[in-house]
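Read in order, the letters of the sequence shown are residues 216 to 693 in my numbering.
Backbone N, C-alpha and C fix where the C-beta goes; we use that ideal spot for every residue, glycine too.
Only a predicted model underlies this, so the values are computations on that prediction, with no experimental measurement involved.
Report on one structure; see the data block that follows.
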Amino acid sequence: MANNRMLQFVTVAKEMPEKRPANLRAQDFHEIYREYAAEKAAEQAGRCSQCGVPYCQSHCPLHNNIPDWLRLTAEGRLQEAYEISQATNTFPEICGRICPQDRLCEGNCVIEQSGHGTVTIGSVEKYITDTAWENGWVQPIRPATERTESVGIIGAGPGGLAAADALRRKGVQVTVYDRYDRAGGLLTYGIPGFKLEKPVVMQRIDQLAEAGVQFVLNCTVGVDISFDAIRGQHDAVLIATGVYKARDIQAPGVGAKGIVKALDYLTASNRKSFGDDVAEFDSGELNAMGKRVVVIGGGDTAMDCVRTAIRQGATSVKCLYRRDKANMPGSQREVQNAEEEGVDFVWLTAPKGFTGGESVEGVVVQRMRLGAPDATGRQSPEIIEGADYVEPADLVVQALGFEPEEIPTLWGVPELAVTRWGTIKADFRSHATSLPGVYAVGDIVRGASLVVWAIRDGREAADAILDYLAQPAQVAAE
């Protein structure tokens, strides 16, 4: 019964509440959805073949014990399933929502490889953890013994929070410093609420705060506090800042009003969802309502932008990408979602410039073709001469990815070693940097990457920091 009722509106009603049937009360919707989710989770978990070589597990960066918690879910033993899931993943309800499972666990499912459609591992992971929160199975963090050592973590994104969780459980005193007014990093302000509901993030942050983790917010290192001061206050420091420096388009007219950066656009939208006053959104500068929107880029951030613009009521949304669909760096599932919602993808195109005066009126688009493969085997885009045209636009969003900020310069620590790309050099196992007692994880080491990798890094770094703190003579000497 639940399936028949749910199939009529579940996808639209869940992600786009404004389009729910008028006679559907919120309470009714959530009751039906819960019933439907329980049925689907058990059904999907029961499809797992329990294969002898679990490729789903080996292709998960956290090596989650997926077959076991799928089996327990199919048997209705949800609390045990949650406990196994939580044992290897600090934030399973977040990964269940935003991991690109089609490129990781689900894409390597044996059933998927045999042509019968993957087990929807991410949805089951989300369901069992949401159920755990609803039923009070998620226990508060209560260290068995308090320790005197303290660790300062710079950055309240997934890597920093995962490390804070692991360290606090061992009784270490933890202080997290972050530039924003809310913790969570891109989980809070970068990823749209229709993919990752903000209460889901906030409940984990509240759990850490209640456990004694101290959050110092609205704090920019190098401005409000020096890096040396943080090192002086703590026995070890973890850098988990992420990468926030947007790549800009270099083209005539790029400075016109209406050409904005992806993170600014997404942050404004997410702030409005918190009920904040956002002048740039209210003025229309960072609001797509009633506008012809062009998003430039092909990664997951570009997909977040086009899908946000659809929800804000844009009259049209187009995505320009210089390669074809098969070569999109973002999740194919996200591309499919965007297409179904009305986004128009214009493949093999790139911006050459922008028309208009003070405000943008269009994008000068140059058509591309794929040429010979480069050293990596990937075909390089080539310009088709004489094939330019103008794409009308009232709002252009640049979603070309992110680069690391110049941390050694900004923080006044030239001895902090970085790579030629500007990312921090860190040991790939311990995550130790060139500075004694200083560690680094996540995108600031890897470059722009996935949340699940940052979580893994944070957990590994916490273990390395605990080993470091267990060497009192070395710590005292430094």
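task = Taking Gly400 as the reference, give the member of Thr638, Leu478, Glu298, Val508 with the closest Cα.
result = Minimum Cα distance to Gly400 is reached at Leu478.
query = Between the C-alpha atoms of Gly490 and Phe496, what's the straight-line distance to the nearest angstrom?
reply = Near 12 Å, if we compare the C-alpha coordinates of Phe496 and Gly490.
ask   = How long is the line joining the alpha carbons of Glu298 and Leu684, rounded to whole angstroms?
value = 28 Å
query = By how many angstroms is the C-alpha of Asp450 removed from the C-alpha of Ala692?
reply = Residue placement at Ala692 is poorly supported in this model, since its pLDDT is 48, which falls under 50; the coordinates still yield a value, given next. Roughly 12 Å separates the two Cα atoms.
key: Proximity below 8 Å, CB of Ala461 to CB of Lys476   = yes
query = The alpha helix (DSSP H) with Tyr297 in it runs from where to where?
reply = 293-303
ask   = Grouping DSSP H, G and I as helix and E and B as strand, with all else coil, what is Glu308?
value = helix
query = Of all Cβ atoms in chain D, is any one closer than 8 Å to the Cβ of Ser645?
reply = Looking for chain D here will not work: only one protein chain is present.
query = Near Leu222, what residues of its chain come up, given a Cβ to Cβ distance below 6 Å and the 5 sequence neighbours on each side ignored?
reply = With a pLDDT of only 44 at Leu222, under the threshold of 50, the placement of this residue in the model should not be trusted; the figure read from the coordinates follows. Closer than 6 Å at Cβ, skipping near neighbours: no residue.
task = Compute the Euclidean distance between the alpha carbons of Ala371 and Gln448, then round it to the nearest angstrom.
result = 18 Å
query = Name the DSSP bridge partner or partners of Trp626?
reply = Under DSSP, no beta-bridge partner is assigned to Trp626.
message = With DSSP as the reference, identify every bridge partner of Lys476, one or two as the case may be.
response = Gln613
message = As an exercise, report each continuous alpha helix (DSSP H) stretch of at least 4 residues that is fully enclosed by the region 313-375, in chain order.
response = 325-328, 336-350
query = Which first and last residues belong to the beta strand (DSSP E) in which Thr564 is found?
reply = 564-571
inquiry  = Can you give me the C-alpha to C-alpha distance between Val268 and Asn279, rounded to a whole angstrom?
reply    = The C-alpha of Val268 lies about 14 Å from the C-alpha of Asn279.
key: Proximal residues to Val508 (C-beta, below 6 Å), its chain only, five neighbours per side dropped   = Ala524, Ala529, Val532, Leu610
message = Is the beta carbon of Leu287 closer than 8 Å to that of Thr346?
response = no
Cβ-Cβ distance between Ile406 and Arg384 below 8 Å = no
ask   = Do you know offhand how far Tyr621's Cα is from Arg262's?
value = The sequence shown places Glu at residue 621, rather than the Tyr named in the question. Distance between the alpha carbons of Glu621 and Arg262 is about 48 Å.
request  = Rounded to whole angstroms, what's the CA-CA distance from Glu675 to Met518? Just pull it up for me.
outcome  = 30 Å
key: Endpoints, alpha helix (DSSP H) assigned at Glu675   = First-last of the alpha helix (DSSP H) with Glu675: 666-684.
ask   = So what does DSSP say about Asp699, is it helix, strand or coil?
value = The chain is shown from 216 up to 693; residue 699 falls before or after that span and cannot be answered.
request  = Could you pull the start and end residues of the beta strand (DSSP E) that Ala451 belongs to?
outcome  = 451-454
ask   = Of the choices Val628, Gln613, Glu364, whose alpha-carbon is the least far from that of Asp515?
value = It is Gln613.
message = With a threshold of 8 Å, are at least 3 pairs of Cβ atoms found where one atom belongs to the region 297-311 and the other to the region 321-341?
response = Output reads yes: the region 321-341 touches the region 297-311.
query = What are the uninterrupted segments assigned as beta strand (DSSP E) that are 3 or more residues long and contained completely in the region 536-597, given in chain order?
reply = 559-562, 564-571, 575-588
message = If you reduce the DSSP assignment to three classes, tell me which class Ile183 lands in.
response = Residue coverage of the chain in this structure runs from 216 to 693, which leaves residue 183 outside it and unanswerable.
inquiry  = Beta-carbon within less than 6 Å of Gln259's beta-carbon, same chain only, minus the 5 sequence neighbours each way: which residues are those?
reply    = Val334, Thr335, Val339
request  = Starting from Tyr404, trace the alpha helix (DSSP H) both ways and give me its first and last residue.
outcome  = 401-404
ask   = Going by C-alpha distance, which of Lys567, Arg593, Gly673 is nearest Ala541?
value = Arg593
For Glu606: DSSP bridge partner residues = Val578
Sequence-distant residues of its chain with Cβ nearer than 7 Å to Val667 (five each side left out) = Pro276, Leu277, Cys310, Cys314
task = Answer with buried or exposed for Leu604, where buried requires no fewer than 16 other C-beta atoms within 10 angstroms of its C-beta.
result = It should be noted that the sequence gives Tyr, not Leu, for residue 604. When all chains shown are included, Tyr604 counts as exposed.
key: Endpoints, the beta strand (DSSP E) within which Thr390 is located   = 388-392
query = Just to confirm, are Ala379 and Leu423 a CB contact at a threshold of 8 Å?
reply = yes
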